[in-house]
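With the working numbering, letter number 472 in the sequence shown gets 476, and the count goes up by one each step, no holes. The C-beta atom is built at its ideal place from N, Cα and C for all residues, glycine as well. Just so we're clear, the structure is a prediction, and the values are computed from it rather than from any experiment.
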Amino acid sequence: MAPPKRRDDNWIDGLRGIASFIVVTGHICTAFATYLHSPSSSKDGWPLFFQLPILRLCVGGRAAVCIFFLVTGFVNSINPITNAQSGNTEVALTNLAKATFTRSGRLFFPTNIAATVAWTVCQLGGFNMATRADSPWIRMVSKTPGPTFWEAIKNLVQNLTLFWSNGSGTYDPVHWTIVFFLTGSFRIYLTLLATTLVKTKWRVAIVIALYIFSWCSGDYIVGINIYSGMLIAQLQVYYGSRANSMLPKAVPAIMILIGLLISSYPQDNHDWMAWSDSMRRIMLHLTPGNTTNFLGRYWVNLGCTTLMAGIFFSRNARRVLTHPVFNFFGRCSFPVYLLHNTLIRTLLCWMVYGASAWSEDWSKVKKDDGNPIELLRAGTGTFVIAIPLFYVTLYAVAHFWMGWVDPLCARIVNWMREKMFREEVELGRGTRGAVVNTIGSKEREKGIEMSISLLSKGNDNGGEGSKNSRPA
């Protein structure tokens, strides 16, 4: 099997790689250190080190997910906007049709393969220890094997199909965002389709209007984030390589700092610190009344958009994110996202809860309902060893996935495209017809000669062919 074609290092991949790493740390925090989601150790206590603004982003999973949506809006729209602004509308529409098919397949097949892997591990009893963990979050995302083989097959089929309608994955619930990535991508494609022939200033106005509508309608997960990414893509098309030298160095740095501060809005207990409570009160006046429990999503959007815009205008920030380490993380970001929860519920749980699970005395203790009590996690020393070992294993598995599973999915999608796509239509500018590439070479030459002769007749008549001389 040929290795996958390596992408050039770029700052978008670096940003995506950092975001995927933070998603994993956020889930580990949710499993074993939920107090880090609060702005302080208690209502009257002082904040811990990783509860301070900016530093708390090391476990800021929501900010990382927001970055993913921003990058989705940026990447999916950059080429169509570039072609449309250059006047290559035919190329823009053709590539948009190809991207809609290809990107959707490259999202669908790896996700279902990862879900099948999680299903297999579950049926083999790999999550049994996780179902007894003392972490409520781990127990919530873990499932026991099916009572029968056919029941397990039925659950797998439901997971591979119905999951794509509402995101409720049975065997890996953290995949819920992938459905939103897919629907968000189609909203981007629809917006690009509707604005390909629109002038640049009106395209920007339309995207801003869609952003405002998403803000006011409570579309805080997908809408406001993908349209922010599209606006940054428009900046990239307009300014190009001039962007990182337009502003004084201090301005992008200030934008990045402000973005990090805004993104530090805590997930829980906002009223425990004055700074987070002030942010909560401000956002209450700017958002719909039915989103009071999701104010953090709005703050994270503003913060991450400001952060990404600052990186866009900063040459030094781009240089840092273009580092090979960050780009390696970026190229592994999707398999890391797909597989990390399976490894948390297996490898990490085995290391953290293994001593309790294998203790004979612990297995004899029962709850009032007769079920075994939750397993007790190991001490700090175990976590010091287990967490680095977990990350090394995760990125090794992700690298293997990137080298073998991703190329397989790419070949499947390309094969489907070759089988399903009809031959392209060559649209000629200034003509009233088209030459379809479904004929042989001789017939194609005759068709081209006929089109040229008809066009020449039209030019002799003032630039317009007669009604009877239009090419079919």
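query	result
With H, G and I counted as helix, E and B as strand and the rest as coil, what does DSSP make of residue 166?	coil
Which term fits residue 323, buried or exposed, when burial requires 16 or more other beta carbons within 10 angstroms of its beta carbon?	exposed
Please report the distance separating the alpha-carbon of residue 86 from that of residue 411.	28 Å
Taking Cβ to Cβ, would you say residue 75 is nearer than 8 Å to residue 233?	yes
Once the 5 residues before and after residue 175 are set aside, which same chain residues still bring their CB inside 7 Å of it?	119, 122, 123, 126, 147, 163
Does the stretch 21-31 come close enough to the stretch 55-71 to have 3 or more Cβ pairs within less than 8 Å?	yes
Can you list the alpha helix (DSSP H) stretches of 4 or more residues lying completely in the stretch 221-295, in chain order?	227-243, 254-267, 278-288
Starting from the Cα of residue 254, find the closest Cα among 200, 23, 317 and give me that residue.	317
For residue 376, which of helix, strand or coil comes out of DSSP?	strand
Looking at C-beta atoms only, is the number of pairs between the stretch 199-210 and the stretch 87-95 that lie closer than 8 Å three or more?	yes
So for residue 122, helix, strand or coil by DSSP?	helix
Confirm, please, whether the CB-CB distance from residue 269 to residue 304 is below 8 Å.	yes
For residue 137, name the three-state secondary structure that DSSP assigns.	strand
Does the ligand SAH have a heavy atom nearer than 7 Å to the CB of residue 190?	Of ligands this structure carries none, so the ligand SAH is not represented either.
In or out: residue 276 buried (at least 16 other Cβ within 10 Å) or exposed?	buried
Over the uninterrupted alpha helix (DSSP H) stretch that includes residue 63, give me the two end residues.	That residue, residue 63, is in no alpha helix (DSSP H); it is neither H nor E in DSSP.
Assuming residue 191 contacts residue 230 (C-beta within less than 8 Å), just tell me the rounded distance between them.	6 Å
By the DSSP assignment, the alpha helix (DSSP H) with residue 320 in it spans what residues?	319-325
Going by C-alpha distance, which of 308, 281, 307, 309 is nearest residue 296?	281
Output yes or no for whether 8 Å exceeds the beta carbon distance between residue 409 and residue 117.	yes
Once the 5 residues before and after residue 101 are set aside, which same chain residues still bring their CB inside 7 Å of it?	none
Excluding the 5 residues preceding and the 5 following residue 178 in the sequence, name in chain order all residues of the same chain whose CB lies nearer than 6 Å to its CB.	345
Let me know if residue 17 comes out buried or exposed under the rule of 16 or more other beta-carbons within 10 Å of its beta-carbon.	buried
Using a Cβ-Cβ cut-off of 6 Å (strictly less than) and excluding sequence neighbours within five positions of residue 306, which residues of its own chain qualify?	266
Run through DSSP, which three-state label would residue 334 get?	helix
Look up residue 360 in the DSSP assignment and say whether it is helix, strand or coil.	helix
The alpha helix (DSSP H) that contains residue 20, what's its start and end?	15-36
With residue 180 as the anchor, note down where its alpha helix (DSSP H) starts and where it stops.	180-199
What is the DSSP secondary structure of residue 207, counted as helix, strand or coil?	helix
If residue 139 sits next to residue 36, beta carbons under 8 Å apart, how far is it from one beta carbon to the other, in whole angstroms?	6 Å
In whole angstroms, give me the CA-to-CA distance for residue 261 and residue 420.	46 Å
CB-CB under 6 Å to residue 310, same chain, minus the five flanking residues each way: which ones, in chain order?	259, 262, 263
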